[in-house]
Amino acid sequence: MLDNDKDWDYRRVNLLLIEYGCEPLGGYNNENFAFEDSIKNAADADLLEIFSIITGVEPAVAQGQIEDAESSIWSSGYVRVFLSHSAHHKQFIGQVADELAVSGIHAFVAHDTMEYEQPWQDQIESGLRTMQAFVALVHPEFLTSPWCQQEVGWALGRGVPRYVIRYPVDPAGFIGRTQWPQGNDLSARQVAALILGWVSRIPEFSDQIVEGLLAALSASQNYIDAGATARRLATIDTLTTHQWTKLAEIYHSNDQVGRAGVVGQALTPYYRSHGQAWPPAQPTQPDPF
0 MLDNDKDWDY RRVNLLLIEY GCEPLGGYNN ENFAFEDSIK NAADADLLEI FSIITGVEPA
60 VAQGQIEDAE SSIWSSGYVR VFLSHSAHHK QFIGQVADEL AVSGIHAFVA HDTMEYEQPW
120 QDQIESGLRT MQAFVALVHP EFLTSPWCQQ EVGWALGRGV PRYVIRYPVD PAGFIGRTQW
180 PQGNDLSARQ VAALILGWVS RIPEFSDQIV EGLLAALSAS QNYIDAGATA RRLATIDTLT
240 THQWTKLAEI YHSNDQVGRA GVVGQALTPY YRSHGQAWPP AQPTQPDPF
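Heads up: the sequence shown runs through residues 0 to 288, numbered per numbering that gives the first Met the number 0.
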């Protein structure tokens with residue numbers, strides 16, 4: 000990107016790198032230390048700012064371009080969580096992912112999430128690049144898997160929030176310094192509840208959890224999933240005016256929500272405790288004129 004840009008000579012590039020705590024280039028012709036080597040350990044936020052300064056593209060726009068380019072593996076609006084696991088336990092991990100889906104969390108599970116006819120390693124790397132949080136489910140086979148260990152290293156390098164559930168072995172390396180919960184006797188639903196509870200405590204995801212729950216409720220194709228999502232939604236402290244309106248729209252547009260008694264059982268006390276009428280009225284459409 001910089002090779003053919005006359006505005007970015009050796010000295011200016013080094014000033015930029017030093018400003019962001021990166022190692023300066025080692026030679027006038029960049030022969031001793033490449034630009035890619037210098038920025039490889041930079042935080043994602045710093046990389047976006049560096050890209051913005053060089054190209055003139057606003058960081059938010061650049062982030063959107065990156066996410067748009069790699070968003071096909073994720074459900075829109077959901078919190079993006081990469082589940083690292085041994086292939087020996089893929090069936091159970093798939094069940095955990097299904098439980099998380101009705102909570103507004105899209106869990107990347109390699110054997111389920113990857114698209115056919117696409118290079119599998121590229122898709123895993125795309126998931127690691129665009130994940131918002133990382134969860135390792137550590138069975139004994141996890142410790143001997145080079146793929147799992149590389150995924151942990153990627154999460155540590157990116158600095159995303161990370162969580163571990165032990166079965167019952169401790170994770171190796173830096174991520175093992177924390178005391179993590181055990182999942183030996185837990186069902187897939189209970190494991191998903193552990194992960195949801197952890198994600199919900201992360202401030203940066205609080206609004207997105209609500210949006211993810213609303214997206215999951217809107218996408219419900221049966222009353223069982225709709226009821227499960229409604230019960231999780233009813234644990235949220237409160238909603239914004241926009242979110243109450245969106246919930247009403249979902250209620251009236253999705254029969255699996257509006258006609259499901261289990262949804263009413265979950266949301267009626269929630270609505271009343273917040274001074275809202277149940278069932279919600281049909282939102283009025285704005286006048287186009």
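Here a beta-carbon is modelled for each residue, glycine too, at the ideal position from N, C-alpha and C.
None of these values were measured; they are calculated from a predicted model.
Could you give the residue range of the beta strand (DSSP E) that holds residue i?
| i | result |
| --- | --- |
| S83 | V78 to S83 |
| L136 | A132 to V137 |
| A106 | I104 to F107 |
Give me the Cβ distance between residue i and residue j, rounded to the nearest whole Å; I'm assuming they're in contact under 8 Å.
| i | j | result |
| --- | --- | --- |
| V101 | A227 | 5 Å |
| L266 | A233 | 6 Å |
| E140 | S83 | Not quite, the Cβ-Cβ distance comes to about 12 Å (not below 8 Å), so this is no contact. |
| F50 | F81 | Not quite, the Cβ-Cβ distance comes to about 23 Å (not below 8 Å), so this is no contact. |
| V209 | P170 | So it is not a contact: roughly 31 Å between Cβ atoms. |
| G158 | A41 | That belief does not hold up - the Cβ atoms of G158 and A41 are roughly 10 Å apart, past 8 Å. |
Mind checking residue i: buried by the 16 CB within 10 Å criterion, or exposed?
| i | result |
| --- | --- |
| H105 | buried |
| I223 | exposed |
| Q264 | exposed |
| E98 | buried |
| L246 | buried |
| G20 | exposed |
| Q90 | exposed |
| E150 | buried |
| G260 | exposed |
| S205 | exposed |
| A154 | buried |
| Q120 | exposed |
| I92 | buried |
| Q294 | Residue 294 lies beyond the range of the chain shown here (0 to 288); nothing can be said about it. |
| G182 | buried |
| E116 | Low confidence applies here, because E116 scores a pLDDT of 46, under 50, leaving its location unreliable and the question unanswered by this model. |
| R10 | exposed |
| A215 | buried |
| G172 | exposed |
| Y27 | With a pLDDT of 48 at Y27, under the threshold of 50, the modelled position of this residue cannot be trusted; read the value that follows with caution. It counts as exposed. |
| S125 | buried |
| R165 | buried |
| S217 | buried |
| A135 | buried |
| A109 | buried |
| A44 | exposed |
Could you name the residues of the same chain whose beta carbon sits closer than 7 Å to that of residue i, not counting the 5 residues immediately before and after it, in chain order?
| i | result |
| --- | --- |
| W197 | Y162 |
| Q242 | V209 and L213 |
| A187 | F91, Q94, V95 and E98 |
In terms of residues, what are the limits of the alpha helix (DSSP H) holding residue i?
| i | result |
| --- | --- |
| I49 | D43 to T54 |
| Y9 | Y9 to E18 |
| G93 | K89 to A100 |
| L238 | Unbroken run through L238: none, as it is neither H nor E. |
| P145 | P145 to R157 |
| I38 | F34 to I38 |
By Cβ distance, which residues of its chain are closer than 6 Å to residue i, with the 5 residues on each side in sequence left out?
| i | result |
| --- | --- |
| W73 | R79 and H105 |
| L193 | none |
| V262 | A225, G226, A229 and V256 |
| P279 | A247 and Y250 |
| P282 | T244, A247 and E248 |
| L16 | P23 and S37 |
| H88 | H138 |
| V190 | V95 and G182 |
Tell me which residues share the same chain as residue i and place their Cβ nearer than 8 Å to its Cβ, disregarding the 5 neighbours each side in the sequence.
| i | result |
| --- | --- |
| R271 | W277 |
| I201 | A132 and P160 |
| S219 | V101, A225, T228, N253, Q255 and V256 |
| T237 | H273 |
| R231 | V101, S102, G103, L195 and L212 |
Sequence ranges, alpha helix (DSSP H) only - wholly within the region 246-271, length at least 4: 254-257
Within the region 164-222, note down every full beta strand (DSSP E) run reaching 3 residues or more, in order along the chain. none
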